Amino acid sequence: MIASTDNTSSSTPSQQAIPILLKSTPQEIGSCFETFKDLRPHLTTPQAFVEQVLEQQKEGYQIHAIQNENGQVVARVGFRKMTTTAWGKCVYIDDLITSESCRGRGYGTLLLNHVLNFAKENNCSQIHLDSGYNRNTAHRCFDLVAHHFSMKLSQ
1 MIASTDNTSS STPSQQAIPI LLKSTPQEIG SCFETFKDLR PHLTTPQAFV
51 EQVLEQQKEG YQIHAIQNEN GQVVARVGFR KMTTTAWGKC VYIDDLITSE
101 SCRGRGYGTL LLNHVLNFAK ENNCSQIHLD SGYNRNTAHR CFDLVAHHFS
151 MKLSQ
């Protein structure tokens, strides 16, 4: 498990101490299921979720998460680094979710900044994600183009 506390942005001092943890083992992945099931209701069991993530890991997918003081995952991001003819070397965010009871605390922003740092460290030129039309609060973070968000990175 890798922890990152490099939450450099306009974070509050209390947010800067929040570790962001890589979740890569079946047990660690399973700990993200409760947070995840609201975003992807077709994955109805923890086992189905773990199997799906393990398959996606073969394509470079990673889950990074924020846990509360009790060790429960309260926010998570799933993403992959890839190269496309349209975007070049980029990071695609498959999943970004905060538990409903923990929204508004800046966890989503911390996770986006974490992905931004990852993208820069890996010489990616852009970050992309797609969002459902009904996820209005998520739409504040990126430039909206038909519910596809992108952020070009300056090197």
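All residue numbers in the sequence shown are consecutive under UniProt numbering, ending with 155.
For glycine and all other residues, C-beta sits at the position ideal for the given N, C-alpha and C.
In this text, all values refer to a predicted model and were calculated from it rather than measured experimentally.
query                                                                                                                                                 : result
Can you give the beta carbon distance from residue 108 to residue 98, rounded, assuming they're within the 8 Å contact cut?                           : 5 Å
If you reduce the DSSP assignment to three classes, tell me which class residue 109 lands in.                                                         : helix
What do you reckon, are the CB atoms on residue 76 and residue 36 nearer than 8 Å?                                                                    : yes
Got a sec? Which residues, its chain only, sit under 8 Å from residue 153 by beta carbon, not counting five neighbours each side?                     : 116, 119, 120, 124, 125, 126, 127
Where does the unbroken beta strand (DSSP E) through residue 62 begin, and where does it stop?                                                        : 62-67
Reducing DSSP to helix, strand and coil, say where residue 18 ends up.                                                                                : coil
Within 10 angstroms of its Cβ, does residue 31 collect 16 or more other Cβ (buried), or is it exposed?                                                : buried
Got a sec, what are the start and stop residues for the beta strand (DSSP E) residue 75 sits in?                                                      : 73-84
Which same chain residues end up closer than 7 Å to residue 39 when comparing Cβ atoms and leaving out the 5 residues on each side of it in sequence? : 95, 97
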